[in-house]
Amino acid sequence: MSDHESGHAHGGSHDDHSHGHGTSSTSSRKLAAVSAINLLGFLAELAGGLLFGSVALLSDAFHMLFDALAYVMAFVATYIADNHGDTDRWSYGLHRLEPLAAFLNGLLLLPMVGFILWESYQRFLEPIAIGTGPTLVIATGGLLVNIGSVYVLQGDGMSLNERGAFYHLLGDAGGSIAVIVSTLVIELTGLRIADPITAALIAVLVTWSAGKVLRGSGAIFLHRTPLDTEDARQHLRAIDGVEAVDDFHAWQICSQLTVATTHLETDDEAKADAETVTRRAHEELTHHGVDHATVELCPDSKNRRTHLNAHSHQ
Numbered sequence: 001m002s003d004h005e006s007g008h009a010h011g012g013s014h015d016d017h018s019h020g021h022g023t024s025s026t027s028s029r030k031l032a033a034v035s036a037i038n039l040l041g042f043l044a045e046l047a048g049g050l051l052f053g054s055v056a057l058l059s060d061a062f063h064m065l066f067d068a069l070a071y072v073m074a075f076v077a078t079y080i081a082d083n084h085g086d087t088d089r090w091s092y093g094l095h096r097l098e099p100l101a102a103f104l105n106g107l108l109l110l111p112m113v114g115f116i117l118w119e120s121y122q123r124f125l126e127p128i129a130i131g132t133g134p135t136l137v138i139a140t141g142g143l144l145v146n147i148g149s150v151y152v153l154q155g156d157g158m159s160l161n162e163r164g165a166f167y168h169l170l171g172d173a174g175g176s177i178a179v180i181v182s183t184l185v186i187e188l189t190g191l192r193i194a195d196p197i198t199a200a201l202i203a204v205l206v207t208w209s210a211g212k213v214l215r216g217s218g219a220i221f222l223h224r225t226p227l228d229t230e231d232a233r234q235h236l237r238a239i240d241g242v243e244a245v246d247d248f249h250a251w252q253i254c255s256q257l258t259v260a261t262t263h264l265e266t267d268d269e270a271k272a273d274a275e276t277v278t279r280r281a282h283e284e285l286t287h288h289g290v291d292h293a294t295v296e297l298c299p300d301s302k303n304r305r306t307h308l309n310a311h312s313h314q
């Protein structure tokens, strides 16, 4: 067996690719529950906004609708990733659907911002009377819906889609609070302009939510390294027998599946015990959050250039 063959090791069998399915199933149920809760909240706020003339309540209702649609998309993506794609045709299953759904969710928020700002501008030019009492009741109900949804989602180890939903819900909760405050201001002072101003503030919250989701999903699509590369290299170099880390790459398939590859240059003694070196390397990479790793032991320095030309991006 050649040095190349004896030094090559993977982070596990194909079964590892299904990692986290139990967590994903829980994620699916949470996202489904949050979707149903927010669809009911949307219907209540939409009816209230139309009946009592509050553009702030309408904007919060549409915010809730887009969020509910986002949760439905996230639920579908998570469900498909859980139940399909675990064959050799899909190298890592269909987990790539998670960042795709999250990215689309972020994009869906942007047209809503335009709608809210336009309606706010129209109400700023021509403020109208609103039914403050019923609006206050419905906005409070919307806040309770958001708090309930946050309670369902909260916890450690949230997936990208769950984090996206969590940020949406925080924005929704802030929007509901803003509607409540603006309604109280109108009731106490008669300043109707508080309604469109509040709607514009909600638009800012929506934009913030969209930015968080787009940055998170974009980082996965563009293969931003999800860990401290230099720290990982230092720990790999500290393994007995490893002389250099010639090549190291880490990226994410989805928020819960991190992949890495590395070439390690070892001395002759370490190459004789390749299994120990690769096991230690896998342990270090696991410690840094890597779920699936490919570790390859490189030849000694005199053959290093030929080996890297054939195998490395550097």
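According to full-length UniProt numbering, the sequence shown is numbered sequentially starting from 1.
Note that the Cβ used here is the ideal one computed from N, Cα and C, for glycine as well.
With contacts defined by Cβ atoms closer than 7 Å, T135 and L57 form a contacting pair. Among the bridge pairs identified by DSSP, D247 is matched with H263. Considering only P196, L257, A203, A210, the residue with the shortest C-alpha distance to P226 is L257. F75 places its beta carbon 7 Å or farther from that of M112. Annotated three-state conformation of V113 is helix, per DSSP. Taking 7 Å as the cut-off, the Cβ atoms of V179 and D88 do not count as close. Under the criterion of beta carbons closer than 8 Å, A281 and L236 qualify as touching, at roughly 6 Å. S149: member of the alpha helix (DSSP H) spanning 132-153, first to last residue. Under the 10 Å beta carbon count, Q122 is surrounded by fewer than 16 other beta carbons and is classified as exposed. A direct Cα-Cα distance of roughly 28 Å separates L100 from A200. By the 16-neighbour rule on beta-carbons within 10 angstroms, Y71 is buried. Cβ-Cβ distances below 8 Å link V185 to L191, A194 in the same chain, with the five nearest sequence neighbours on each side left out; the list follows chain order.
For L109, the CB contacts under 7 Å within the same chain, skipping 5 residues up- and downstream, are F66, V206, S209, A210 in chain order. The alpha-carbon separation between T266 and I253 amounts to approximately 29 Å. In this structure, V242 and V277 form a Cβ contact; the two beta carbons are roughly 7 Å apart against a cut-off of 8 Å. Taking L214 as reference, the option from G106, G133, S120 with the minimal CA-CA separation is G106.
Residue pairing by DSSP places H292 opposite V259 in a beta bridge. For the pair L169 and N146, the CB atoms are nearer than the 7 Å cut-off. For the pair A33 and V152, the CB atoms are nearer than the 7 Å cut-off. Listed in chain order, the non-local C-beta contacts of S182 below 8 Å within the same chain comprise A56, A194, D195, I197, T198, local neighbours out to five positions each way being set aside. Within the model, the alpha-carbon separation for C298 versus H263 is close to 6 Å. If you draw a 10 Å sphere on the C-beta of T189, you find fewer than 16 other C-beta atoms in it, and that means exposed. Taking 7 Å as the cut-off, the Cβ atoms of A68 and F42 count as close. Put simply, the backbone Cα of D231 is about 26 Å away from that of Y92.
Burial check for R224: the Cβ neighbour count within 10 Å stays below 16, so the residue is exposed. Around the C-beta of L144, fewer than 16 other C-beta atoms lie within 10 Å, and the residue is accordingly described as exposed. Taking 7 Å as the cut-off, the Cβ atoms of G48 and I130 do not count as close.
The C-alpha of E187 lies about 8 Å from the C-alpha of G133.
With 16 or more other Cβ atoms inside 10 Å of its own Cβ, D172 counts as buried.
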